[in-house]
Structure formats: C-alpha cells, structure tokens
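Reading through the structure tokens given below for one structure.
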Amino acid sequence: MKVLLLKDVVSLGKAGDIVEVAGGYAQNFLIPKNLAKLATNEVINKYKADIKRKEEKLALETQLAKNQAKELEHIKLTMAKKVGSNNHLFGSLTKDEVASELEKQHRIVLDKKNLEIPPIKTLGTYEVVAKLGHGLNASFKVEVIQE
Numbered sequence: 006m007k008v009l010l011l012k013d014v015v016s017l018g019k020a021g022d023i024v025e026v027a028g029g030y031a032q033n034f035l036i037p038k039n040l041a042k043l044a045t046n047e048v049i050n051k052y053k054a055d056i057k058r059k060e061e062k063l064a065l066e067t068q069l070a071k072n073q074a075k076e077l078e079h080i081k082l083t084m085a086k087k088v089g090s091n092n093h094l095f096g097s098l099t100k101d102e103v104a105s106e107l108e109k110q111h112r113i114v115l116d117k118k119n120l121e122i123p124p125i126k127t128l129g130t131y132e133v134v135a136k137l138g139h140g141l142n143a144s145f146k147v148e149v150i151q152e
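By the count of the numbering used here, the sequence shown reaches residue 152 at its end, each step adding exactly one.
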C-alpha cells in the first residue's frame, strides 16, 4: 500500500515521501496516528499545493521583513527624558517606551519582545537591535535628550 508521509517516520522516510508499506501497518498505525495518508492523486496534489503555498508565504514574510529592516536602518529615534544630576535618567529607558515611541514617530509597529536595547541610564545615542524574524535583524539609533 502506498502512503504519503505527513511526518518523519524513523524507519520509513521524511515528511512528503511516498513509500510502500504493508496494508496493516498503514491502516493500524500510520494513518490513525496522522503520520501518513493513503497516497491517492488527490492527496498528493493537495499536499504539493500546501507545500507551495507555505513556501510562497515564507517568501512573502521574508521580503516584508527585509523591507522593514531597510526602513529601520535609516531611523534615528529621539526621546526626551527627565534627568537628574550627572545627566542620569530618572529610571531607565525600557523596551516598551522605545516600541511605543517608534510607533508614534515613524508608524512602525514592533513588539517590545523583539527589541534588544542596552541599559540606557544616561543621555546619549544608543544602538537598538530589532529582531524581525526569519533570522533578520535590523539596528537603529535612539537618541536620549533632556526633557
């Protein structure tokens, strides 16, 4: 019986492979555990279409992330904070503040979890790294000035 593997199976092959197995093995183990489907033309064509759609979606997401990275590289975010003696900030600049200010000033929405900022406790210019997914990172400048 020919089956299309939906997941990697150790002794048979990888997901997407079409393999010949015993009928009992397919009907009693592989198919009930959603490891495989009976390899009909309809199932094979649907699987190929799903793979193609996922690849196109991944390519689109990667392109959007690259475009956002190019946009972020040219940004200099200016933030005004209250300072005390020796130009030390009251508190420190947080990821949440950077993300909300980035959205206000440049209309770019980034999750604060995807920002890597150094400890910012004094006035000056700092480099912030944004993780955009798919292995892409972009950095932009944050300038902290006195309020």
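Just so you know, even glycine gets a beta-carbon here, dropped at the ideal spot from N, CA and C.
Quick one: what's residue i bridged to in DSSP?
| i | result |
| --- | --- |
| Leu35 | According to DSSP, which records beta bridges pairwise, Leu35 is partnered with nothing at all. |
| Ile23 | Leu9 |
| Val15 | The partner list for Val15 (beta bridge, DSSP) is empty, contrary to what the question assumes. |
| Lys42 | Leu9 |
| Leu120 | Ala135 |
How far does the alpha helix (DSSP H) with residue i in it extend, from its first residue to its last?
| i | result |
| --- | --- |
| Leu65 | 46-78 |
| Leu107 | 100-111 |
Ends of the beta strand (DSSP E) at residue i?
| i | result |
| --- | --- |
| Val149 | 141-151 |
| Thr83 | 81-86 |
| Leu94 | Per DSSP, Leu94 belongs to no beta strand (DSSP E) and is neither H nor E. |
| Thr130 | 129-138 |
Give me the Cβ distance between residue i and residue j, rounded to the nearest whole Å; I'm assuming they're in contact under 8 angstroms.
| i | j | result |
| --- | --- | --- |
| Lys57 | Leu141 | That belief does not hold up - the Cβ atoms of Lys57 and Leu141 are roughly 23 angstroms apart, past 8 angstroms. |
| Val149 | Leu98 | 6 angstroms |
| Leu40 | Leu11 | 6 angstroms |
Suppose you measure from the CA of residue i to the CA of residue j; what does that come to, to the nearest Å?
| i | j | result |
| --- | --- | --- |
| Ser105 | Glu152 | 17 angstroms |
| Thr127 | Lys38 | 58 angstroms |
| Val24 | Lys51 | 17 angstroms |
| Leu63 | Ile125 | 35 angstroms |
| Lys53 | Ser16 | 23 angstroms |
| Glu102 | Tyr30 | 57 angstroms |
| Phe95 | Val147 | 17 angstroms |
| Ser144 | Val88 | 25 angstroms |
| Ala74 | Ser90 | 37 angstroms |
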